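Enquirer: Residue numbers (the UniProt record's numbering), protein chains in the order written: chain A, 1 to 205; chain B, 1 to 205. We treat Cβ as the ideally placed atom computed from N, Cα and C, and that holds for glycine. Since the structure is predicted, the reported quantities are computational estimates derived from the model, not experimental observations. Pasting a structure below so you can have a look.
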DNA sequence: CAGCAATGTGAACCCGGGTTAACCTATTCT
DNA sequence: AGAATAGGTTAACCCGGGTTCACATTGCTG
């Protein structure tokens, strides 16, 4: 219930969706995560949203559009969250980095569906959207990289990119594994691990 | 070329594949990684393997069977590599852990295709195989967890599982990002990061 | 040489699931 | 009220791509 509420609030956030539309997005998100995009039929989505079959087309132009909406929501959240923390130019880089990681771990764990869809189902989209969204994600990554380089100027660009990529990606497998831990424990551990990766010192060999 | 050779040697390893069969596996692996399983047609696979279309069915019972063969190859490699290192009961847990991480990082980076397919395209398989393979992977994970718990008895089972899951999953996003670094640099950095995660100390909050 | 197994090919098949069509019921607006 | 609009329903469509068919060709083997 907590998960759904969380996702629901996120979907509601952008006010441009009607109530049925939101129900569809909610249902689709759950199904996409459970069975995957390809194995989820339009009829399934409709059924899970209380209507049946082609009625979905009154709200979305097609199946891909639903996936696209979810992925864009996810990317949007990522961008906004990052921006919000980077905008606070009071903190020093170290603090910002910690805040960023904290926010990322928490929001991902509290709302795993969007994260999992974003990671796993980009392939379901037309290549054009795929590229656009990938570019946006890379852009966010570069902001993290920039921040990390401020905090640790001794790192090479490549080293920073590897670290950030790992960090942004290490949450997903944990979510996918559905370990038994509660939200709090999971995010605490993840945060600590992410910071460890960002602060690790490499001895060249 | 290095990548293909590497994968080729892996495929050749199990001697049960004929030359054409191997060519098909090789071609399919590349295509699956590039475009994804669903967007790769049987005709594409055939063409990439030098034959065209339905000739593939002389070697495999169907498209899924190709994917299955690749995924099983990948799981097999994972199990064997893990076993090989765990079998050496001379080393202390710390050393074994380090060796495990080293092997995993290196082999994943040197041969990204199998890793990426394993992570991304499990959904293409029938649920039965999906479950079986997931179970096998979880089993390997539990061996890592056991080793980690030997090395750090103060950890809870959950904490160890979170750490191991992160560690095993953090390689994939780096591979998928296709960062500019060479094989050596990538695996060195990844190894250091993985060890950092395994050795991080959690302060309870 | 006859025969048969192995391997290819292009054409045909076919079917699941996304989409569209045709039609029905509210509710709202003039 | 009458019309337009929003939102649903079931039945039909249809098409892409995995699979199957019918038919070469080659190479062994008896």
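1) If you drop the 5 nearest sequence neighbours on each side, which residues of the same chain put their C-beta closer than 7 Å to that of residue 176(A)?
2) Pull up the distance between the alpha-carbon of residue 53(B) and that of residue 41(B), whole angstroms please.
3) Report the residue from 35(A), 142(A), 162(A), 27(A) whose alpha carbon sits nearest the alpha carbon of residue 202(A).
4) Output yes or no for whether 8 Å exceeds the beta carbon distance between residue 190(A) and residue 105(A).
5) For the stretch 51–69 of chain B, list every residue whose C-beta sits within 8 Å of some C-beta in chain A, in sequence order.
6) Under the three-state reduction of DSSP, which class applies to residue 111(A): helix, strand or coil?
7) So for residue 243(A), helix, strand or coil by DSSP?
8) Expressed to the nearest angstrom, what Euclidean distance is found between the alpha-carbon atoms of residue 151(B) and residue 18(A)?
9) Please identify the residue among 91(A), 125(A), 147(A), 109(A) whose C-alpha is closest to the C-alpha of residue 181(A).
10) Determine, using beta carbons only, whether residue 143(B) comes closer than 8 Å to chain A.
11) What first and last residue would you give for the alpha helix (DSSP H) that runs through residue 173(A)?
12) Whose C-alpha, out of 64(A), 57(A), 148(A), is nearest the C-alpha of residue 128(A)?
13) For residue 1(B), which residues in the same chain have their Cβ closer than 8 Å to its Cβ, ignoring the five residues on either side in sequence?
14) Spatial neighbours of residue 147(A) within its chain, please: C-beta separation below 8 Å, excluding the five flanking residues on both sides.
15) Terminal residues of the continuous alpha helix (DSSP H) containing residue 76(B)?
16) Would you check if the distance between the CB atom of residue 168(B) and the CB atom of residue 166(A) is smaller than 8 Å?
17) For the alpha helix (DSSP H) containing residue 28(B), name the first residue and the last one.
18) List the endpoints of the continuous alpha helix (DSSP H) containing residue 181(A).
19) Starting from residue 140(B), trace the alpha helix (DSSP H) in both directions and tell me its first and last residue.
20) Going along chain B, which residues have a C-beta under 8 Å from residue 179(A)?
21) Take the Cβ of residue 126(B) as the centre, count every other Cβ of all protein chains shown within 10 Å, and call the residue buried at 16 or more, exposed below.
22) Can you check whether the CB of residue 79(B) is closer than 8 Å to the CB of residue 140(B)?
23) Quick one: is residue 37(A) buried, meaning 16 or more other Cβ sit within 10 Å of its Cβ, or exposed?
Expert: According to the structure data:
1) Listed in chain order, the non-local C-beta contacts of residue 176(A) below 7 Å within the same chain comprise 116, local neighbours out to five positions each way being set aside.
2) Distance between the alpha carbons of residue 53(B) and residue 41(B): 9 Å.
3) Distance from the Cα of residue 202(A) is smallest, within the candidate group 35(A), 142(A), 162(A), 27(A), for 162(A).
4) Between residue 190(A) and residue 105(A), the CB-CB gap stays under 8 Å.
5) The residues in question: there are none.
6) Annotated three-state conformation of residue 111(A) is coil, per DSSP.
7) Only positions 1 to 205 of chain A appear in the structure, and residue 243(A) is not among them; the question remains open.
8) Residue 151(B) and residue 18(A): Cα-Cα distance of roughly 54 Å.
9) The residue with the shortest Cα to Cα distance from residue 181(A) is 109(A).
10) Among the CB atoms of chain A, none fall inside 8 Å of the CB of residue 143(B).
11) Segment 171–177, the alpha helix (DSSP H) holding residue 173(A).
12) Answer by Cα proximity: 64(A).
13) The predicted model places residue 1(B) with a pLDDT of 40, which falls under 50 and marks its position as unreliable; any figure quoted below should be read in that light. Cβ-Cβ distances below 8 Å link residue 1(B) to nothing in the same chain once the five nearest sequence neighbours on each side are left out.
14) Same-chain partners within the cutoff: 86, 93, 96, 97, 100.
15) 63–87 is the extent of the alpha helix (DSSP H) around residue 76(B).
16) In this structure, residue 166(A) does not lie closer than 8 Å to residue 168(B) by Cβ.
17) That run of the alpha helix (DSSP H) goes 19–35.
18) No alpha helix (DSSP H) holds residue 181(A); DSSP gives it neither H nor E.
19) Per DSSP, residue 140(B) belongs to the alpha helix (DSSP H) from 127–151.
20) For residue 179(A), the residues of chain B that pass the 8 Å Cβ criterion are 158, 161, 162, 165, in the order they occur in the chain.
21) Taking every protein chain shown into account, the CB of residue 126(B) has fewer than 16 other CB atoms within 10 angstroms, so this residue is exposed.
22) Their beta carbons are under 8 Å apart, which means residue 140(B) touches residue 79(B) by this criterion.
23) With 16 or more other Cβ atoms within 10 Å, it is buried.
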